[in-house]
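Under full-length UniProt numbering, the sequence shown has 226 at position 226, and the numbering climbs by one with no breaks.
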Amino acid sequence: LAAYSCVVNFPGSRVPELRVDINISQNGVYPPVLSVPPRGQTVNVREGGIVDLVCLVVDGKPRPPVLWSRTEKDLLMPSGKAVEETPDGRLSLRNVSRDMMGSYRCQTAPYNGLNIKRREAQVQLNVQYPPILDPVFQDVRSRSTLEVILRCTVMRSSPPQTTDARWFRNGKFIQMSMPDLKEQTLKLGPTSNGTYECRVSNSAGTSTCRFNVSAKPYNAEFYFDTPNPVRILKGNNYSYNLQWTQREPQATDKIIGYWLSVQKNGKILQSKQIDLRGIEPEKGVLLSNTISDLKIPLAYEVRLAPITTFTAGDYVSRIIQYSEPYTYPRSSDHVCGFEDERICGFSQDRSDVFDWTRSNYLMQNPKRSANTGPETDRSGTMEGYYMYIEASRPRSMGDKARLLSPLFNVSSVKGPKGSRRVPYCVSFYYHMKGKHIGTLNVLLRVSSTPPVDSVVWTKSGHQDADWKKAAFDISPSGPFQIVFEGIRGQGFEGDIAIDDVSITIGKCKQENTVANAVLIGGSSSLPLTRWLTFGFSCCLSLLYR
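Written out as structure tokens, the structure reads:
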């Protein structure tokens, strides 16, 4: 009903302009007809396949393109767009996945300048895939002669109708007589152990539930935090205290012992059976065995397997290594200045993000961050050591480093009259200088399953440029460790240091005299203290020889 002109000008050119005139009359325009081919309203395709969704414009002038979208408003097209345009109404989908399944809308694009109602239709896409089963794999352990029920559940399936369900044992078909083919009941015995498979099929494919059925006991789990496991013997030999726990000891037949072997370069040097003498392992309770006749300083591979009356479990292995045992002057006292590389039996926590670092003035990195961290140890000497956390990259805010003290066995010490708990005094020096200082926590870790940690002291933020002393009492309910936890702050000027850690029996005193201070690898600002410490250390050396 109108005339349209399109004019393009080319100033300074031989062709001054180009012009196209279009006349549209009422007789030349009529609305389109949109149709879906027969059997095209519902399209079935297997997952991973290729499919075309088709909406044809069979009439109309001018003929418009076709726009595709999902009928659900929140869903996008497989291309990631909300609307996808096709010139011929054919939408091609490749590598079809189950999240593409659903209803698709096709509609004609609008006419520019013409008030013609848009036509639309819908196509349903069904993506077929094999059954989704639960469980995919399950390790089933049980006592001998007990009934075991294996269940294979169909969670989802497209199409939902299953065509077949079969059970196999060790790859061989089992004749099924029960009405529910997805459940198998058996009595566990020597001939019924093995791998069971339930294979469920539909028209799109087959999926499998797999069960490993056995009366074998679960494997042992090594304990790696045994304090001072090495003991030096005569003739350049040493022994190692191996500790472990038993995983799910009640799940199978009674465990009567363990098979232990010690190997070096693939050669078995020791092999023996550890008899539990009628004592059944308990979940979370440590078991131990001392391995003797090991040569200093060699490392060995140790293999351990549980044994029942009928069978043996799988081996687990670990490497044991020689390390110098650390001896304290008294089992009740422990004062550490970190002067020895063995840091008085302290250890790094394996579950934290990073470690504490031993350092002194002479070892400091020239590129170490300024305005944070101590220049010297607590005594002010360049040679004295301390432990600190480095806050520079790659550390980030909230990263934790934990330093664990040796294990203190409270049960070996008697408490005050009327009390079963023994008081201990914990004292140390700390250095927290810098605008990005995070937090220093001291935790009391009481041995249990799992270990119980409780915060007994904490400081956060800048605390001045000098070393400061902290002291407090604890009354642990059982064997315990003291844990120093450094938490990185907002930036790199956040180094935290500790020194001269003391853990002694009895409540903290206001002032400790020089005479009762015993330093292990520590130092003091008083010359007299240094001489007393040196003299006492010499006496200890003579006594131990």
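All C-beta atoms in this analysis are idealised placements derived from N, C-alpha and C, irrespective of residue type, glycine included.
Exposure of residue i, with buried meaning 16 or more beta-carbon neighbours within 10 Å
i           : result
residue 202 : buried
residue 339 : buried
residue 518 : Note on residue 518: pLDDT 34, under 50, position unreliable in the model; the coordinate value appears next. Residue 518 is buried by the Cβ-count criterion.
residue 232 : exposed
residue 335 : buried
residue 330 : The predicted position of residue 330 is uncertain, since its pLDDT is 46 and thus under 50; no value can be drawn from it.
residue 383 : exposed
residue 513 : A caution first: residue 513 carries a pLDDT of 39, below 50, which makes its placement in the model unreliable, though a value can still be read off. Exposed, because fewer than 16 other Cβ atoms sit within 10 Å of the Cβ of residue 513.
residue 146 : exposed
residue 48  : exposed
residue 160 : exposed
residue 2   : exposed
residue 441 : buried
residue 391 : buried
residue 523 : Note that residue 523 scores 37 on pLDDT, short of 50, meaning its location in the model is unreliable; the coordinates nonetheless yield the value given after this. Buried, because 16 or more other Cβ atoms sit within 10 Å of the Cβ of residue 523.
residue 552 : The question about residue 552 has no answer here: the residues shown for the chain are numbered 1 through 545.
residue 280 : exposed
residue 285 : exposed
residue 207 : buried
residue 506 : exposed
residue 486 : buried
residue 76  : exposed
residue 177 : With a pLDDT of 48 at residue 177, under the threshold of 50, the predicted position of this residue should be treated as unreliable, and no value is reported.
residue 494 : buried
residue 216 : buried
residue 10  : exposed
residue 249 : buried
Rounded Cβ spacing between residue i and residue j (contact assumed at less than 8 Å)
i           : j           : result
residue 322 : residue 299 : 7 Å
residue 66  : residue 89  : 4 Å
residue 127 : residue 96  : 6 Å
residue 396 : residue 446 : 31 Å between Cβ atoms; not a contact.
residue 426 : residue 474 : 6 Å
residue 488 : residue 399 : 4 Å
residue 491 : residue 462 : Their Cβ separation, rounded to whole angstroms, is 12 Å, which puts residue 491 and residue 462 out of contact at 8 Å.
residue 498 : residue 428 : 5 Å
residue 197 : residue 209 : 7 Å
residue 287 : residue 244 : 6 Å
residue 276 : residue 256 : 6 Å
residue 69  : residue 94  : At roughly 19 Å, the Cβ-Cβ gap does not stay under 8 Å, so residue 69 and residue 94 are not in contact.
residue 150 : residue 184 : 4 Å
residue 346 : residue 294 : Incorrect: roughly 25 Å between the Cβ atoms, too far for contact.
Residues bridged to residue i (per DSSP)
i           : result
residue 546 : Limits of the chain in this structure are 1 at one end and 545 at the other, which puts residue 546 out of reach.
residue 68  : 84 and 106
residue 487 : 400 and 439
residue 268 : 263
residue 216 : According to DSSP, which records beta bridges pairwise, residue 216 is partnered with nothing at all.
residue 165 : 200
residue 289 : 242
residue 52  : 92
residue 311 : DSSP output for residue 311 lists no bridge partner at all.
residue 273 : 259
residue 205 : 202
residue 316 : 304
residue 126 : 44
Limits of the beta strand (DSSP E) - the one that residue i falls within
i           : result
residue 429 : 424-432
residue 135 : Counting along the chain, residue 135 falls outside any beta strand (DSSP E), and DSSP gives it neither H nor E.
residue 198 : 194-202
residue 499 : 496-505
residue 549 : In the structure as shown, the chain starts at 1 and stops at 545, and residue 549 therefore has no counterpart that could be examined.
residue 574 : Shown here, the chain extends from 1 to 545; a query on residue 574 therefore has no answer.
residue 60  : 56-61
residue 387 : 386-389
residue 183 : 183-187
residue 173 : 172-174
residue 585 : The displayed coordinates of the chain run from 1 to 545. Any statement about residue 585 would go beyond what the structure contains.
residue 458 : 452-460
residue 31  : 30-35
residue 16  : Where residue 16 is concerned, there is no enclosing beta strand (DSSP E), given that its DSSP letter is neither H nor E.
residue 44  : 42-46
residue 2   : 2-9
residue 357 : 357-359
residue 232 : 230-233
Any non-hydrogen atom of the ligand HEM closer than 8 Å to residue i Cβ
i           : result
residue 474 : Ligands displayed in this structure: none; no statement on the ligand HEM is therefore possible.
So does the segment 164-175 actually touch the segment 216-229, counting three or more Cβ pairs closer than 8 Å?
The segment 164-175 vs the segment 216-229: no contact.
Touch check for the segment 190-209 and the segment 128-137: three-plus C-beta pairs under 8 Å?
yes
Counting pairs of Cβ atoms below 8 Å between the segment 115-122 and the segment 72-84, do you hit three or more?
no
Pair every Cβ in the segment 368-388 with every Cβ in the segment 448-460, then say whether three or more of these pairs are closer than 8 Å.
Touching, no.
Specify whether the segment 132-150 and the segment 51-62 touch according to this definition: at least 3 beta carbon pairs, one from each stretch, less than 8 Å apart.
no
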